[in-house]
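Right, one structure below, let's go through it.
4 protein chains.
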Amino acid sequence: MGRREQAEWRRERLLDAALDVFVEKGVDGATVKDIARAAGVTPGLLYHYFESKDALVVALMRERGFLAELRRLLAAAADRPAETVLPELVRNYRRVLAENAGLVSLFFSASSTNRHVRTAMQRFVAEGQRLLTDYLEARVAAGELRVHNTRLFAQTLLVAVAASQLMGSDTDPDQLVHLFLNGAAAGQEKS
Amino acid sequence: MGRREQAEWRRERLLDAALDVFVEKGVDGATVKDIARAAGVTPGLLYHYFESKDALVVALMRERGFLAELRRLLAAAADRPAETVLPELVRNYRRVLAENAGLVSLFFSASSTNRHVRTAMQRFVAEGQRLLTDYLEARVAAGELRVHNTRLFAQTLLVAVAASQLMGSDTDPDQLVHLFLNGAAAGQEKS
Amino acid sequence: MGRREQAEWRRERLLDAALDVFVEKGVDGATVKDIARAAGVTPGLLYHYFESKDALVVALMRERGFLAELRRLLAAAADRPAETVLPELVRNYRRVLAENAGLVSLFFSASSTNRHVRTAMQRFVAEGQRLLTDYLEARVAAGELRVHNTRLFAQTLLVAVAASQLMGSDTDPDQLVHLFLNGAAAGQEKS
Amino acid sequence: MGRREQAEWRRERLLDAALDVFVEKGVDGATVKDIARAAGVTPGLLYHYFESKDALVVALMRERGFLAELRRLLAAAADRPAETVLPELVRNYRRVLAENAGLVSLFFSASSTNRHVRTAMQRFVAEGQRLLTDYLEARVAAGELRVHNTRLFAQTLLVAVAASQLMGSDTDPDQLVHLFLNGAAAGQEKS
DNA sequence: CATGAATGAGACTTCATTCAT
DNA sequence: GATGAATGAAGTCTCATTCAT
């Protein structure tokens, strides 16, 4: 492994360690020393790779966030029915969340004092909503859905998945999508 | 105002101040000095009323939480239709959240290092879900709803309201409930 | 000693200690720990009295500076001849410098990274020059001196005294003033 | 450019960079990284040319000081009148100071923790004074000056020039020398 | 020669908490 | 009850210096 790769690898290990520790102790509860120890380096080195502890959080959101995944999932979906796409989306989304488990709690703990972090997080969530909203609009245009407020639908769905993840519920993706598509009223049936 | 009332009053003011400061800076970001200053007293005095900073958080959740409100809202509702009750519930729930605004972010920021706080918070959320789930079960039994997973419905609804509050969206309660009751599929119509 | 006096006294002791340590090790070389130890307290307490290490330096200049002394020395001097006043001034000025010994080196070491400190120092020096310049102008007006550039005279005299102090020379005040009043050219004699 | 010249050249560029950065941030405020960056190299390389950061300061004083210049200016001056030589000296001295601008503040900031640096600086200043004192003694012997304390004269003059430089005053060299030669007393006139 | 990753020591600062007054 | 001086532990961050590549 050359010098260059070694550095890149070290950076990734620091992000791994940071995510682990943030998840376990919370962003504010985690100390730089904790993270460094988890990565097997000295605290000083952390500052060779990241400007500050907050910068680590921002980097995590940028580089380990699931926006890329979400984008990929919806890229070619505009023409396919929500009934097919959404369960798949939820399933994949859940998988991504599960894989990068800690990120979820990270997103919900907007407690950091630092404005940069908070702003980064909000931008992040907004972007996710926008991606899903765009897809939903396409489906409404296609006549499949009649959602009046696509933004509300998108926000609620994403939040619901994340929340169930956060609380450790083992929600069935199909059930969730079914609820969103068909509602809970007794008189309603699929045509 | 007697000794007794004076003390009681002071305690309430401390809780007020703590909530304000927690909201603004997050639980970990807020210092005891901040809280004391916001309450117009000295840090030392805070320890006459609360054992520790963490005790303040727990007290806030116990005494300022919206469980009482939720309980009251659902108490006499078991026999009334969800179509009527839920919008009312969402509306009132939102109002309560808005009034104790900060609590929402407090609940979502599970970042505190202290295990007591985290546990208290989780118990709290679970209790809220249980209350709503019980009502939904009653409505399913009454034949109004056909929800398969009432816990999922309850969790999703509560989280959705809280999240919209957290993100500052001005979601319309009626739209939200409509989405939950009727779904988004185009072929579906209210009878 | 009441609480109030105790605090005041402690603050003064911190300034004393800071001056000592700054003199010995330089502003940048001195650590907060050094200062605290010299004052017999913990580093944390220092921050109860001063916002930062830099604030300590500024406070030293404000409260231990010799401007007050200079002002007092020149207050009633406007009508008295420079030949009498200046040696007296130099003598007293040297005494003040000697008493607050360290301040001199503090003033010359403009090395602190912090802009606030540097600015405070410059304002300080400028004020001293202005005070002496005003007196000299009065003597020129009185016909005793014919200085063309009073600011130059003031600056040079003050700097010369400070510099001799800084370098540990035991300059005779009378000789110094004599040099400034009569010059060094051989053809010149007092009338 | 051969190996040898290349190395020499690199060394000079490092000294240039070091002086610039020391001036801007002070000796203690400047980091090795700052200096390396200013020289366009990496921190590690700096240690091929200098043993330590302090060694850089000492080298600067030895190799970039104005002693050489002062020596040259006074070398052939012993027989020429102070009235001619001193303004010329001040002018050239100021020019040298201006050219190596930063050195002045470097000399006045005796703040470095390191004793070696401090000692080197003091020796340096003393040597400058001795050079000028020797010249003045020659002029006294020649009957031009009647200075009683040539060391005082030399010290004061050099310090005055440096100080005006340090404080950014645009002092006129002729006025300064005039003050030193003729004094400020009203009754005195040039013969 | 040259790089820059890595270290270790230590700097400044913050803060929950205690306690004499 | 109330104050705020005082502490001790810890936290974030900096930096001169070394060394494998």
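Protein chains in written order, with the numbering used here: chain A, 739 to 929; chain B, 739 to 929; chain C, 739 to 929; chain D, 739 to 929.
Each residue gets a CB set at the ideal place from its N, CA and C atoms; glycine is no exception.
Residue i and residue j closer than 9 Å at C-beta
i: LEU753/C; j: GLU807/C; result: no
i: ARG877/A; j: LEU869/A; result: no
i: THR871/B; j: THR894/B; result: no
i: ALA922/C; j: PHE788/D; result: no
i: ALA901/D; j: ALA901/C; result: yes
i: ALA776/C; j: VAL759/C; result: yes
i: LEU835/B; j: GLN867/B; result: no
i: VAL899/C; j: ARG832/C; result: yes
i: VAL855/A; j: VAL779/A; result: no
i: ALA703/D; j: GLY881/C; result: In the structure displayed, chain D extends from 739 to 929; residue 703/D sits before or after that span and is not available.
i: ILE773/B; j: ALA745/B; result: no
Cut-off 8 Å between Cβ atoms - residues of its own chain near residue i, not counting five sequence neighbours on either side
i: SER849/B; result: Note on SER849/B: pLDDT 46, under 50, position unreliable in the model; no value is reported.
i: GLU875/D; result: THR888
i: LYS771/D; result: PRO781
i: ASN830/A; result: GLU807 and LEU811
i: LEU805/D; result: PHE862, GLU865, GLY866 and LEU869
i: MET739/C; result: TRP747
Residue i burial status per 10 Å Cβ neighbour count (16 or more: buried)
i: LYS791/C; result: buried
i: MET783/D; result: The displayed chain sequence assigns Leu, not Met, to residue 783/D. With fewer than 16 Cβ atoms within 10 Å of its Cβ, LEU783/D is classed as exposed.
i: PRO911/B; result: buried
i: THR909/C; result: buried
i: ASN920/C; result: buried
i: SER929/D; result: Per-residue confidence for SER929/D stands at a pLDDT of 41, beneath the threshold of 50, marking its modelled position as unreliable; the derived number appears in the next sentence. Counting Cβ neighbours within 10 Å, SER929/D comes out exposed, since fewer than 16 surround it.
i: GLN903/D; result: buried
i: ALA814/A; result: exposed
Chain-order list of residues whose beta-carbon lies under 6 Å from that of residue i (same chain, five-residue window excluded)
i: GLU827/C; result: In the sequence on display, residue 827/C carries Leu and not Glu. Same-chain partners within the cutoff: LEU811.
i: ALA816/A; result: ALA876
i: ALA749/B; result: Looking at the sequence itself, residue 749/B is Arg, so the reference to Ala does not match. Here the set comprises TYR787.
i: ALA930/D; result: Since the first residue of chain D shown is 739 and the last is 929, residue 930/D is not available in this structure.
i: PRO819/A; result: GLU882
Sequence-distant residues of the same chain with beta carbon closer than 7 Å to residue i, five excluded per side
i: VAL885/C; result: LEU874, VAL878 and PHE891
i: GLU821/D; result: LEU919
i: ARG751/B; result: ALA777
### Query
Are the region 858-869 of chain D and the region 787-800 of chain D touching, with three or more C-beta to C-beta distances below 8 Å?
yes
### Query
Would the region 818-826 of chain A and the region 897-917 of chain A be scored as touching if the rule is three or more Cβ pairs under 8 Å?
yes
### beta strand (DSSP E) runs contained entirely in the region 757-835 of chain D, provided each spans 3 or more residues
none
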